[in-house]
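Reviewing the structure listed below.
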Amino acid sequence: MLRPTESAIVFVQQLGRGLRKNDSKEYVVIIDFIGNYEKNFLIPVALSGQTNYNKDSLRQFVCEGSLITPGASTIQFDQITEKRIYQSIDAANFTQVRLIKDSYKQLKEKLGRIPHLKEFEQYGAIDVQLMFQNKSLGCYHTFLSKYEKDYHIHFSTLEEKYLQFISSKLSSGKRVKELEAIKLIINKRTNLLTHLKETLNSDYKIELPDVGIETISNILSQNFMTGSSKKTFEKAVFLDENFESSPQFLKLLNNEDFKNQVMEVVEYAIDKNKKEYSNRYKNTDFCLYSKYTYEDVCRLLNWEKNIVPLNIGGYFYDIRTNTLPVFINYDKDESVVDTQQYADHFIDAQNFVAMSKSNVRITNPGMEKFVKAAENKTNIYLFIRKIA
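Oh and the sequence shown: position 250 is 370 in our numbering, straight run, nothing missing.
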């Protein structure tokens, strides 16, 4: 099959076209040559049937295709093909509006109406996180307002900012505390902190430390973010200085359409937390082998403020929480300067060699945090990505 194709459906239709298993044979082998395939990421999409465009799921299929393919079929990629598919997945931008629109249209046609958020996952449509991370969208309402002619709900700029903040910053489900706080506000509970502690303890077995309370307050009063993000959402305030509901937010909740959409995103995110992030490691908010951004780490470690990645560098010590996350790029790009080509590597599954920042001696005050970590009960967290 030496021809270009840009469609996952066409690829499956043409695969082994005209071939049939002879009755005397137990199986048929199809050898396929894919030429001029500019969008190699569509190969695992086509063969797996996964249309949520989750990069990790697609990588898993390429790695374990035969193990997770239903029925008696087996799939094997040669090394060159496998490498190029991985590269294509890495480079693909699945937050493109065109891709989101196509998936949305298919789901709407299937349901015969505008889908609810939870139905995207339920029916195997695109991961709504891709919609939320698209900077021109940020939330489902904005997408529908721009591209759905049958959608007639209108919100103020402020209402839209609230929805975009919850969707783009909190809906990943990696941290449930702010979500439960917003849920309590929607249900018009007073004495929020007491009820939040009770909910976190009874439903999640989470004890809320004082630094955690301050972080929640900072996140929901827009005092956590720094830089451009702080300005973007500065008016989307949920809590006042006394850890009680913001009068502004309570007033907006009188709009039932707004209230329902806020609750829909919150419920979606809480459900995502329970499905994907409930198996927390020891007394942390992290799950082993899950993926986290720098901003996620700052939040989950209960830091007072978000620290921009450039200021974090390879590691950063937060004195308030006595935490020290370490960030490693395992495979260094050739363009990286020699002074940053650190020889970080695994010795075995439990031991890792990490290099300090350049021109730093063991006697440096920053190094003391590592050397005396056990003595000072400093928690060190290791985050590794294959390439920058």
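Just so it is clear, CB atoms sit at the ideal spot from N, CA and C, and this is done for glycine as well.
A quick note: this is a predicted structure, and the numbers were derived from the prediction, not measured.
task: Would you mind listing the alpha helix (DSSP H) stretches within the stretch 278 to 341 that are 4+ residues and don't spill past its ends, in chain order?
output: DSSP runs (the alpha helix (DSSP H)) wholly in the stretch 278 to 341: 297 to 306, 312 to 324, 330 to 340.
query: Just curious, the beta strand (DSSP E) that Ile-448 is in, first and last residue?
result: Its beta strand (DSSP E) spans residues 443 to 451.
query: What does a CB cutoff of less than 6 Å around Leu-430 pick up in its chain, not counting 5 residues either side in sequence?
result: Within its own chain, no residue has a Cβ closer than 6 Å to the Cβ of Leu-430 once the five positions on either side in sequence are excluded.
field: Exposure of Glu-300, with buried meaning 16 or more beta-carbon neighbours within 10 Å
entry: The residue in question, Glu-300, is buried, as its Cβ has 16 or more Cβ neighbours within 10 Å.
message: Quick check: the Cα distance between Leu-162 and Lys-411, rounded to an integer number of angstroms?
response: About 23 Å.
message: Counting only C-beta atoms, is Glu-202 closer than 8 Å to chain C at any point?
response: Note that chain C does not occur in the displayed structure, where there is just one protein chain.
- prompt: Does the separation of the CB atoms of Ile-246 and Asn-307 fall below 8 Å?
  reply: If you check the CB distance, Ile-246 and Asn-307 do not come in under 8 Å.
- prompt: Run through DSSP, which three-state label would Arg-179 get?
  reply: Note: Arg-179 maps to helix in three-state DSSP.
- request: Go ahead and pull the three-state DSSP assignment for Asp-468.
  value: In the structure shown, Asp-468 sits in coil (DSSP, three-state: anything other than H, G, I, E or B).
query: So, using beta-carbon positions, are Leu-444 and Ala-493 closer together than 8 Å?
result: Taking the C-beta atoms as reference points, Ala-493 is found nearer than 8 Å to Leu-444.
Beta-carbon proximity of Leu-502 to Val-446, cut-off 8 Å: It is a contact, given that the beta carbons lie within the stated cut-off.
message: Between Thr-215 and Leu-250, how many whole angstroms is the CB-CB distance? I'm expecting something under 8 Å.
response: Indeed, because the Cβ distance is near 5 Å, the residues count as touching under 8 Å.
task: For Leu-408, name the three-state secondary structure that DSSP assigns.
output: In this structure, Leu-408 counts as coil in the three-state DSSP scheme.
field: At least three beta-carbon pairs within less than 8 Å, the stretch 355 to 371 to the stretch 279 to 297
entry: Segment contact: the stretch 355 to 371 against the stretch 279 to 297, three or more CB-CB distances shorter than 8 Å; contact assigned.
task: Consult DSSP for Asp-391 and reduce its assignment to one of helix, strand or coil.
output: In the structure shown, Asp-391 sits in a helix (DSSP, three-state: H, G or I).
Coil, strand or helix - Lys-506 by DSSP: In the structure shown, the three-state DSSP call for Lys-506 is strand.
- request: Measure from the alpha carbon of Asn-174 to the alpha carbon of each residue in Gln-253, Glu-298, Val-385, Gln-381, then state which is nearest.
  value: The residue with the shortest Cα to Cα distance from Asn-174 is Gln-253.
field: Nearest-angstrom Cα separation, counted from Leu-257 out to Ile-333
entry: Their Cα atoms are separated by approximately 30 Å.
field: Contact belief for Leu-96 with Tyr-267 at Cβ below 8 Å, rounded distance in angstroms
entry: Shown here, the chain extends from 121 to 508; a query on residue 96 therefore has no answer.
Beta-carbon separation (whole angstroms), Arg-419 vs Thr-335, contact threshold 8 Å: Arg-419 to Thr-335, Cβ: 7 Å. Contact.
task: Would you grab the beta carbon distance between Val-149 and Lys-141 for me? Rounded to a whole angstrom, and I think it's under 8 Å.
output: Val-149 to Lys-141, Cβ: 10 Å. No contact.
- request: Have a look at Tyr-450, Gln-242, Asp-391, Ser-337 and flag the residue whose alpha-carbon is nearest the alpha-carbon of Tyr-324.
  value: Closest option to Tyr-324, Cα to Cα, is Asp-391.
- request: Measure the C-alpha to C-alpha separation of Ser-478 and Ile-439 and round it to an integer number of angstroms.
  value: When the Cα atoms are used, Ser-478 and Ile-439 turn out to be separated by approximately 22 Å.
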